[in-house]
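Before any comments, here is the structure.
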Amino acid sequence: MAKSPNNIDSLLGSLSDEPADNKSGQDSSRGAKNPANPAIALARSEREIRATTERVPVLKLDADQVRFFKYHDRHISSIESPKVKQLEASIKEEGQIFPGIVRKTSDKTSDNKVIYELISGRLRYEAAKNIEVPFEAFLKELDDEQAIRVMLIENEDRFSLAPFERWLSVIPILDDDVLPLAEIAQLIKWDKANLSRYSKAIPFYKSCNLSRFLLDVEKVKMNTLYSCFQEYEKDPKQVESAITFVSENYPSVKDNLFLKAVLKRVAEDQEVKSDTVFLSGSKVKIKRVGTKLNISFEGIPKESELSAVIDKLRELNSLQ
Numbered sequence: 006m007a008k009s010p011n012n013i014d015s016l017l018g019s020l021s022d023e024p025a026d027n028k029s030g031q032d033s034s035r036g037a038k039n040p041a042n043p044a045i046a047l048a049r050s051e052r053e054i055r056a057t058t059e060r061v062p063v064l065k066l067d068a069d070q071v072r073f074f075k076y077h078d079r080h081i082s083s084i085e086s087p088k089v090k091q092l093e094a095s096i097k098e099e100g101q102i103f104p105g106i107v108r109k110t111s112d113k114t115s116d117n118k119v120i121y122e123l124i125s126g127r128l129r130y131e132a133a134k135n136i137e138v139p140f141e142a143f144l145k146e147l148d149d150e151q152a153i154r155v156m157l158i159e160n161e162d163r164f165s166l167a168p169f170e171r172w173l174s175v176i177p178i179l180d181d182d183v184l185p186l187a188e189i190a191q192l193i194k195w196d197k198a199n200l201s202r203y204s205k206a207i208p209f210y211k212s213c214n215l216s217r218f219l220l221d222v223e224k225v226k227m228n229t230l231y232s233c234f235q236e237y238e239k240d241p242k243q244v245e246s247a248i249t250f251v252s253e254n255y256p257s258v259k260d261n262l263f264l265k266a267v268l269k270r271v272a273e274d275q276e277v278k279s280d281t282v283f284l285s286g287s288k289v290k291i292k293r294v295g296t297k298l299n300i301s302f303e304g305i306p307k308e309s310e311l312s313a314v315i316d317k318l319r320e321l322n323s324l325q
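Count along the sequence shown from 1, add 5, and you get the number used in the working numbering.
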């Protein structure tokens, strides 16, 4: 009776077969005892020469030997957050557990030390600088595209960036067209459709100079920012006016509260108020939408009765 095909020998044999286009009766370049999958050889106790592991140098850098990658993705509010204090305490107690990543530049410090560009590890660098210990970093050879990929992946695995901070970090990458949006979405683990939708708000963020009011990345919600953008698409001047009103009348309001205040102001400006005043010789229709006021007369009113129209305008908050 034939053996069951589910035994381990059969399974290993099928996994280690050469690809179909190599099954020609001629000897494979791998040799009979060197299957395509090295794990199979290990399971069969076959000896195999292992590839040597790449050794990546770990540098100990002084603060003046580090400058920041032009696409670095940490906002000033993160650098000033408790995260850095936590890292300072950890480095003091245990040393820097996870090195950052740098690439070499052709520049040197005033005392002839090589300057390196920081790809990832900004918070660890700031913590090491604050407690005056060398910053430890892996040295890698990377072009801009590779550096961005490493930065996005590495920072996603460490202290995750707030959604708004991540969105801010993506802006210069998209502006310079370094990586396609689909790849960026994959690297930062965002839905492609969401990233595409939020990227439409970039011109609004820039043209209204919202960085003046959105100061703490942990306190800004992307959905609120996008809602403001949607109103801006409908009526840019109205949203700009609302931004000016909130900033001048409530200067201490920032971050998500600022965006909500802008939306509230826009909603008030869009509120429709209307009424009709009946006079002895005419009918007066009053309609106010935001700051736009329409008054229409059916028939010619008497001058003595116009005070009733003024009273109605006051009632509708339509006089200054």
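Heads up, the beta-carbon is just placed ideally off N, CA and C, and yes, glycines get one too.
Counting C-beta pairs with one atom in each stretch, the stretch 79-95 and the stretch 118-135 have three or more that are closer than 8 angstroms, which means they touch. In this structure, L192 places its C-beta atom within 9 angstroms of the C-beta atom of L184.
Per DSSP, reduced to three states, the secondary structure at D67 is coil, with no helix or strand assignment.
Short of 8 angstroms from the beta carbon of I96, and not among the five residues preceding or following it, lie these beta carbons of its own chain, in chain order: R129, A132, A133, I136, V138. R127: member of the alpha helix (DSSP H) spanning 127-135, first to last residue. Within 10 angstroms of the beta-carbon of A272 lie fewer than 16 other beta-carbons, which makes it exposed. In this structure, the CA atom of Q325 is about 60 angstroms from the CA atom of G105. Between N299 and K288, the C-beta gap is not smaller than 9 angstroms, which leaves the two residues out of contact.
In the assembly as shown, A187 is an exposed residue. Its beta-carbon has fewer than 16 other beta-carbons within 10 Å.
In the DSSP assignment, K90 falls outside any beta strand (DSSP E) and within the unbroken alpha helix (DSSP H) covering 87-99. If you draw a straight line from the Cα of I248 to the Cα of A68, it comes to about 40 angstroms. Per DSSP, L144 is one residue of the beta strand (DSSP E) stretching across 140-144. Note: S212 is not bridge-paired with any residue in the DSSP secondary-structure output. When the beta-carbon positions are compared, L144 and V71 stay at least 9 angstroms from each other. Short of 8 angstroms from the beta carbon of T281, and not among the five residues preceding or following it, lie these beta carbons of its own chain, in chain order: K288, V289, K290, I291. Excluding the 5 residues flanking it on each side, E253 has no same chain C-beta neighbour closer than 6 angstroms.
If the five residues before and after K259 are omitted, its C-beta is found closer than 6 angstroms to the C-beta atoms of F218, L220, all from its own chain and listed in chain order.
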